[in-house]
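Asker: Protein chains in written order, with the working numbering: chain A, 433 to 551; chain B, 14 to 534; chain C, 2 to 113. Every residue, glycine too, gets a C-beta built ideally from N, C-alpha and C. Everything numeric in this text was worked out from a predicted model, so none of it was measured. Structure incoming, see below.
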Amino acid sequence: MIYNIPFFAVIILIAVGMYAVIFRRNLIKIAIGITIVESAVNLFLITLGYREGGVAPIYTNLPANVVIPGGMVLPVPQALTLTSIVIGVAVLALMLSFIIRIYQYYGTLDSKKVRRLKE
Amino acid sequence: MNVDWLLTHSPALLIAIPLLAAFLTPVIDRINKKARDAFVIIVLIIAEIIMIALAWDVFTGSAHIYTMGASSPTATIPAQAAVPIRIVLEVDGMSAFMGLISTTVSLAAGFYSLAFVKKETGQGRYYALLLLMLVGMLGMEFTGDIFNLFVFLEVLSMASAALIAYRFYYGDAVEGAFKYCVVSSLGALMVLFAIGLLYGQYDLLNMAALAKVMKYTTLDRIALVLLIAAFAMKCGAVPMHMWTPDSYTVAPAPITAMLVAASQASLYALFRICFSLYGLTLDVTTVGIIIIALGLLSMFVGVTMALPQKDIKRLMSYHAVSQTGYMLLGVGVGLYLLGKPDFDTYGMAAMEGGIFHIINHALYKGLLFLTAGAIFYKVKTRNLNEMGGLAHSMKFTTIFFMIGALAIAGIPPFNGFASKLLIYESAYHVSPILSIIAMLVSIITLASFVKVFHSAFMGPPMENAEEGDVPKSMIIGMAILTVGIILFGLFPGWVVSNIVHPAAQALAAQAGYIGSVAGGA
Amino acid sequence: MLETTGGYWSPIVWIVAFIVAFLMAYIMWGMGEKKHAKGEQEKPFLSGQDEPSKEAVHVRAGNIYWGFTETLSGYYDFMKKIHTGIINDYVLWLLGMAAIFFLAIVLPGVIM
């Protein structure tokens, strides 16, 4: 049961992030909400790879009596998560630079007022 | 370096050459501006030539497999393993078809951009991002690995978002780009969550290997829901379509033409998931009805919202939403009839109609956006109330616009009529209401383009209009697409039997997809 | 020539038929009375008033389909109210449709 706690944390974080994106008017809070959802999905990917009692999947310099490969955690989700973290950094940087320009040209960061393009 | 070597390595070359060129473009930009222009056009032409050769080989032969990092390109399963381990690029009929669309639209947009962005700052970054958009599209269309699909989806989305905000001194360009970025990254995170669900169950990332062992459990259903919602949002299906008019309107005109091709790459990903990843394991009736319903809603809401618009590019982007509905309707009917005995006649015809409509739409919608950009270049406004009488001075643009408008409305003898005829006839077999709504939408499409033609080109000429048409390179860009429209309109039978039919066949036959990667179904 | 399930479509035949019909119509048009040269034609009779300039009678784009939009004003009011332009509503639509697909696809599998 205790090994399922990260999955509950993923659900809670996704709920918090989606709340921030849907119900908050400030554009920076929307960007923060997207970052929280992205952290939650990264946590989900990492938790998929965990095996009980496993060690880091490095072949050289293993501690004694470790079965190869059954006693290691899975390495593929770690690669997926690293890629996703880098993509998340790029997305966040781009979104924040858009917010800077929007503030320069609109004078406000309220999503109800940043709507020259509608209907 | 003979033709065989080129053809074997072409899937990887088509991704690597524009990618390296995208990183070299800012460097060459520091040295000489004309060299940068020539470099970008040469890379786009090389990509087009290699793509045509690869497509020729795939349509007349079988699928091309390329395993990244293996000793030989077709060694998908290593000696010690039982499943494909490395990233596998699989170019079958449907992938080659979409690749043709991406490279052709990119070539036209590249030629057009030479004159369109000549007076802007930061052009080196513009061309680098344009090449990155091409890389993202080709990567999404060629990959056989589902996490690689996510990575190229994000490359495409971020390059597009940066290019939408290119002319940031118009404040609403940045607003459109921000909305695109938020919705796009949420969709991509949903895709990543679904990939995590699939990986956690089967320990596989390769799409063909996943299709072989797919059992349709509850977690697989949740993954399917997330994937369908995210990819349907990315291609602009109603009611998740609202980012489409906002971002297509404010982007520079050649980038809007490429955004149309980017939406179709997401449409390709949706079809790949439904047909090749899940195949007959999913309940085709329910998912088929969902896709048909999305198609009908998109067609109707898109065109009725387009009719009262006053901004020329916003009107055309609502039409892009509406035409996506035709593609969803055609392939949705095919999915609905999958596995039933009617599939070989009506289902296949519906899928051919939908897939033929994809390439027709890329051609005529790209042309229409480029003509809207030419109008903006001349009169510096996009408001239809303030322009008029442009046919007196812009003769070529008027002819290209007329051809594009007749093609999108489905008037014979252009290519829009051929694909819409296929969709009408096969959708009638499922239910007559589908054909009736499709024809009604076609009529309203013609009505709104008559409105644009009357407001922009007819009437007395404006007071401060300069003489002469737009620069030569813009006309070359528009002419590339027009030649495509006319040729596809005059020879639809040849196009359908040689280009569209292999694509539809490759999509419908899941066993062929699995067999070419895993070596035995 | 394109073969469909119901029949066939041949654009070459259509173009030939179009050219033949166009030539017939053109010849018949040419057999009528010669029209005036440009600039010498009769002005329309508008009860003694002058003909207004072309700019004054040109119907602008926003007003062309007034009848259509006025008839469907209930539908159009609803649609323009939905397309708000606020980013939060866009995400809400995405989640709402994902929830509807969830009800349609996942629940039948769980209940069965």
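To the nearest angstrom, how far is it from the Cα of Ala493 (chain B) to the Cα of Gly417 (chain B)?
Answerer: Here the question's residue 493 (chain B) lines up with position 480 in the second sequence. Here the question's residue 417 (chain B) lines up with position 404 in the second sequence. Per the sequence shown, residue 493 (chain B) should be read as Ile rather than Ala. Ile493 (chain B) and Gly417 (chain B): Cα-Cα distance of roughly 13 Å.
Asker: Any C-beta of chain C sitting closer than 8 Å to the C-beta of Met450 (chain A)?
Answerer: Numbered from its first residue, the first sequence carries residue 450 (chain A) at position 18. Yes, its Cβ sits closer than 8 Å to a Cβ of chain C.
Asker: What residue does the alpha helix (DSSP H) around Tyr349 (chain B) start on, and which one ends it?
Answerer: The residue labelled residue 349 (chain B) in the question sits at position 336 within the second sequence. Looking at the DSSP string, the run of the alpha helix (DSSP H) that includes Tyr349 (chain B) is 325-349.
Asker: So, helix, strand or coil for Leu549 (chain A), using DSSP?
Answerer: Within the first sequence, residue 549 (chain A) is the residue found at index 117, counting from 1. In the structure shown, Leu549 (chain A) sits in coil (DSSP, three-state: anything other than H, G, I, E or B).
Asker: Kindly indicate the opening and closing residues of the alpha helix (DSSP H) around Thr458 (chain B).
Answerer: Translated into positions along the second sequence, residue 458 (chain B) becomes position 445. Residues 445-469.
Asker: Name the chain C residues whose beta carbon is nearer than 7 Å to that of Ala362 (chain B)?
Answerer: Residue mapping note: residue 362 (chain B) aligns to position 349 of the second sequence, counting from 1. Thr5, Thr6, listed in chain order.
Asker: Enumerate in chain order the residues of its own chain whose CB-to-CB distance from Gly486 (chain A) is below 8 Å, with the five nearest sequence positions on each side excluded.
Answerer: Here residue 486 (chain A) refers to the residue found at position 54 of the first sequence. The residues are Gly503, Met504, Val505.
Asker: Name the two residues that bound the continuous alpha helix (DSSP H) containing Val523 (chain A).
Answerer: Within the first sequence, numbered from 1, the residue matching residue 523 (chain A) stands at position 91. Unbroken alpha helix (DSSP H) run through Val523 (chain A): 508-538.
Asker: Examine the Cβ distances between the stretch 226-244 of chain B and the stretch 277-296 of chain B and report whether three or more of them are shorter than 8 Å.
Answerer: The answer is yes - the stretch 277-296 of chain B touches the stretch 226-244 of chain B, with three or more Cβ pairs under 8 Å.
Asker: Spell out the partners DSSP gives Cys22 (chain B) in its beta bridges.
Answerer: If you number the second sequence from 1, residue 22 (chain B) lands on position 9. Note that residue 22 (chain B) corresponds to His in the displayed sequence, not to Cys. Its beta-bridge partners do not exist; DSSP assigns none.
Asker: Looking at Val454 (chain B): is its Cβ nearer than 8 Å to the Cβ of Met312 (chain B)?
Answerer: Locating residue 454 (chain B) in the second sequence gives position 441, counting from the first residue. Locating residue 312 (chain B) in the second sequence gives position 299, counting from the first residue. In contact: Val454 (chain B) and Met312 (chain B) (Cβ atoms closer than 8 Å).
Asker: What are the boundary residues of the beta strand (DSSP E) that Tyr79 (chain B) is part of?
Answerer: Reading the second sequence from its first residue, position 66 is the one you call residue 79 (chain B). From DSSP, the beta strand (DSSP E) with Tyr79 (chain B) extends over 77-80.
Asker: So which residues on chain A does Asp185 (chain B) lean against when the C-beta distance must stay under 7 Å?
Answerer: In the second sequence, the residue the question calls residue 185 (chain B) occupies position 172. Result: Arg548, Leu549.
Asker: For Phe102 (chain C), which residues in chain B fall below 8 Å Cβ to Cβ?
Answerer: Numbered from 1 along the third sequence, position 101 holds the residue referred to as residue 102 (chain C). Residues of chain B passing the Cβ test: Val238, Ile241, Ala242, Ile303.
Asker: Please specify which runs of the alpha helix (DSSP H), each continuous and at least 4 residues long, are wholly inside the stretch 34-61 of chain C, giving them in chain order.
Answerer: 55-58
Asker: What do you reckon, are the CB atoms on Pro515 (chain B) and Gly157 (chain B) nearer than 8 Å?
Answerer: Indexing the second sequence from 1 puts residue 515 (chain B) at position 502. Indexing the second sequence from 1 puts residue 157 (chain B) at position 144. No.
Asker: Are the Cβ atoms of Ser276 (chain B) and Thr337 (chain B) separated by less than 8 Å?
Answerer: Within the second sequence, numbered from 1, the residue matching residue 276 (chain B) stands at position 263. Within the second sequence, numbered from 1, the residue matching residue 337 (chain B) stands at position 324. Yes, the Cβ-Cβ distance between Ser276 (chain B) and Thr337 (chain B) is below 8 Å.
Asker: Quick one: measure Cβ to Cβ for Met407 (chain B) and Asp482 (chain B), integer angstroms, because I've assumed they're closer than 8 Å.
Answerer: Taking the first residue of the second sequence as 1, we reach residue 407 (chain B) at position 394. Taking the first residue of the second sequence as 1, we reach residue 482 (chain B) at position 469. Going by Cβ atoms, the distance from Met407 (chain B) to Asp482 (chain B) rounds to 5 Å, so yes, they are a contact pair.
Asker: Whole angstroms are fine: how far does the CA of Ala94 (chain B) sit from the CA of Pro509 (chain A)?
Answerer: Stepping through the first sequence from its first residue, residue 509 (chain A) is reached at position 77. Stepping through the second sequence from its first residue, residue 94 (chain B) is reached at position 81. Cα to Cα, the separation comes out at about 19 Å.
Asker: Are Met271 (chain B) and Val118 (chain B) closer than 8 Å when you measure CB to CB?
Answerer: Here residue 271 (chain B) is taken as the residue at index 258 of the second sequence, counted from 1. Here residue 118 (chain B) is taken as the residue at index 105 of the second sequence, counted from 1. Yes, the Cβ-Cβ distance between Met271 (chain B) and Val118 (chain B) is below 8 Å.
Asker: Counting only the same chain and skipping the five closest in sequence on each side, list residues whose C-beta sits under 7 Å from that of Ala333 (chain B).
Answerer: By one-based count along the second sequence, residue 333 (chain B) stands at place 320. The residues are Gly249, Thr257, Tyr261, Val273, Lys378.
Asker: Roughly how many angstroms lie between the CA atoms of Gly533 (chain B) and Phe414 (chain B), to the nearest whole one?
Answerer: The sequence position of residue 533 (chain B) within the second sequence is 520, counting from 1. The sequence position of residue 414 (chain B) within the second sequence is 401, counting from 1. Note that Gly533 (chain B) scores 43 on pLDDT, short of 50, meaning its location in the model is unreliable; the coordinates nonetheless yield the value given after this. The alpha-carbon atoms of Gly533 (chain B) and Phe414 (chain B) are separated by roughly 50 Å.
Asker: Where does the unbroken alpha helix (DSSP H) through Leu205 (chain B) begin, and where does it stop?
Answerer: Here the question's residue 205 (chain B) lines up with position 192 in the second sequence. Per DSSP, Leu205 (chain B) is one residue of the alpha helix (DSSP H) stretching across 184-215.
Asker: For the beta strand (DSSP E) containing Leu102 (chain B), name the first residue and the last one.
Answerer: Position 89 of the second sequence, counted from the first residue, corresponds to residue 102 (chain B). Looking at the DSSP string, the run of the beta strand (DSSP E) that includes Leu102 (chain B) is 101-104.
Asker: For a test of the three-state rule: what should DSSP assign to Asp158 (chain B), helix, strand or coil?
Answerer: Residue 158 (chain B) sits at position 145 when you count from the first residue of the second sequence. Here Asp158 (chain B) sits in strand by DSSP.
Asker: Check distances from the C-beta atoms of the stretch 70-86 of chain C to those of chain B and list, in chain order, the residues that come in under 9 Å.
Answerer: Flagged, chain order: Thr70, Leu73, Tyr76, Tyr77, Met80, Lys81, Ile83, His84, Thr85, Gly86.
Asker: With respect to the alpha helix (DSSP H) encompassing Thr536 (chain B), which residues constitute its N-terminal and C-terminal limits?
Answerer: Absent from the model: residue 536 (chain B). The displayed extent of chain B is 14 to 534, so no value can be given.
Asker: Quick one: does Glu484 (chain A) have its CB under 8 Å from some CB of chain B?
Answerer: To locate residue 484 (chain A), count along the first sequence from 1; it is residue 52. It does not: the Cβ of Glu484 (chain A) has no partner Cβ on chain B nearer than 8 Å.
Asker: Is Val118 (chain B) helix, strand or coil by DSSP?
Answerer: Along the second sequence, one-based indexing puts residue 118 (chain B) at 105. Val118 (chain B): helix per DSSP, three-state reduction.
Asker: Counting beta carbon pairs with one atom in the stretch 125-137 of chain B and one in the stretch 184-199 of chain B, are three or more of them shorter than 8 Å?
Answerer: no
Asker: Buried or exposed: which applies to Gly535 (chain B), given that a residue is buried once 16 or more other Cβ atoms fall within 10 Å of its Cβ?
Answerer: This structure gives no information on residue 535 (chain B), because the portion of chain B shown stretches from 14 to 534.
Asker: What are the boundary residues of the alpha helix (DSSP H) that Gln518 (chain B) is part of?
Answerer: By 1-based counting over the second sequence, the position of residue 518 (chain B) is 505. That run of the alpha helix (DSSP H) goes 514-521.
Asker: In the DSSP assignment, what are the bridge partners of Leu3 (chain C)?
Answerer: Mapped onto the third sequence, residue 3 (chain C) falls at position 2. For Leu3 (chain C), which the question treats as bridged, DSSP gives the partners C:Trp10.
Asker: Below 8 Å between beta carbons: does that hold for Asn428 (chain B) and Ala420 (chain B)?
Answerer: The residue given as residue 428 (chain B) occupies position 415 in the second sequence. The residue given as residue 420 (chain B) occupies position 407 in the second sequence. For Asn428 (chain B) and Ala420 (chain B), yes; Cβs fall inside 8 Å.
Asker: How many Å lie between Arg99 (chain B) and Gly209 (chain B) at the Cα?
Answerer: Residue 99 (chain B) sits at position 86 when you count from the first residue of the second sequence. Residue 209 (chain B) sits at position 196 when you count from the first residue of the second sequence. Cα to Cα, Arg99 (chain B) sits roughly 18 Å from Gly209 (chain B).
Asker: Pairing CB atoms from the stretch 50-64 of chain C with CB atoms from the stretch 388-404 of chain B, are three or more of them under 8 Å?
Answerer: yes
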